[in-house]
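Undergrad:
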Amino acid sequence: MEQKKFAIVATKGTLDWGYPPFILASTAAALGYDTEIFFTFYGLQLLKKNMDLKVSPLGNPGMPMPGGMEKWMPVLITALPGMEAVMTSMMKKKMASKGVASLEELRELSQEAEVRLIACQMTVDLFDMNPADFVDGVEFAGAARFFEFAGEANITMYI
Amino acid sequence: MADFDDELDASGLNCPLPILRAKKALSGLDAGQVLHIIATDPGSVKDFEAFANQTGNELMESKEEGGKFHFLIKKA
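Line order of the protein sequences matches chains L and C.
My numbering puts the last residue of the first sequence at 143; the count rises by one with no breaks.
My numbering puts the last residue of the second sequence at 83; the count rises by one with no breaks.
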């Protein structure tokens, strides 16, 4: 049986949206899929050695908050200085208490399982990012490189 | 519970860690050897079934006991 292939485009750079690409990629690899993630725009934050990602309650009415606060708290409050830092710290504590892996751990497990990480060269140039800030083993390439793999993939996802 | 060759305690770990740790533990076993996995994540019941179906490793036993989930997986 030919090995199945799984291609992901990761476009978001927040603490919450950083999870789906690495959870799915590491799991797919464990199930025997040949897996690649193409990181573009804000998704490139997921490749940095020091990720320092945040989660914002602003503009996110679906985000559960302690005590069901999201049901009555005015949206404007979520824009106050410091709210993002508070919510990020609470989210990280919550995740640790529920045995949810850190993004760094999931990324490491993905790389151990030979998931290939590809950084969009155009976005790296656009945002003047320094490739030295990225984890080892990242490949730098363009859209055509993504299609080389995704064109033969059994599953392709845009996250 | 039947005999096993190795044991993995994934208690307290959440998706997808029990599966990833089990995959790693299985890679250290020989074909035919059995891994006993202990987990507390309720999602792991369906996940280990799906893992076995997709990887060809046999899920010999799956049960809940003392508030924990126990799985026996025989390496293909």
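Glycine included, C-beta positions come from ideal geometry on N, C-alpha and C.
Model, not experiment: these values are computed from the prediction.
Am I right that S69/C and F55/C are in contact with their C-beta atoms under 8 Å? What's the rounded C-beta distance?
TA: Confirmed, about 6 Å.
Undergrad: Could you tell me which chain C residues have their CB closer than 9 Å to the CB of S86/L, listed as they occur along the chain?
TA: Correct list: empty, because the minimum Cβ distance to chain C is about 11 Å.
Undergrad: Less than 7 Å between C-beta atoms, sequence neighbours within five positions excluded: which residues of the same chain meet that for T107/L?
TA: Within the same chain, T107/L has close Cβ partners T24, F25, L28.
Undergrad: Could you have a look at I143/L and say whether DSSP puts it in helix, strand or coil?
TA: DSSP places I143/L in coil when its eight states are reduced to three.
Undergrad: Would you say P23/C and S10/L are within 8 Å of each other, going by their C-beta atoms?
TA: Contact: yes.
Undergrad: Please state if the CB of V119/L and the CB of R91/L are separated by a distance shorter than 8 Å.
TA: Yes, these two residues count as a Cβ contact at 8 Å.
Undergrad: For a contact meaning CB atoms closer than 9 Å, what does A14/L contact in chain C?
TA: Those within 9 Å of A14/L in chain C are P23, I26, L27, A29, K30, K31, F58, T62.
Undergrad: I'd like the span of the alpha helix (DSSP H) that includes S34/C, first residue to last.
TA: S34/C -> alpha helix (DSSP H) spans 24 to 34.
Undergrad: Could you tell me how far apart the beta carbons of T(-2)/L and L37/L are, in whole angstroms, since I believe they sit closer than 8 Å?
TA: That pair is a contact at about 6 Å.
Undergrad: If F78/C and I44/C are in contact, beta carbons under 8 Å, what's the gap, nearest whole angstrom?
TA: Rounded, the Cβ-Cβ distance is 4 Å, consistent with contact.
Undergrad: Quick one: list the residues of chain C neighbouring K82/L, beta-carbon separation under 8 Å, in chain order.
TA: Those are N21, listed as they occur along chain C.
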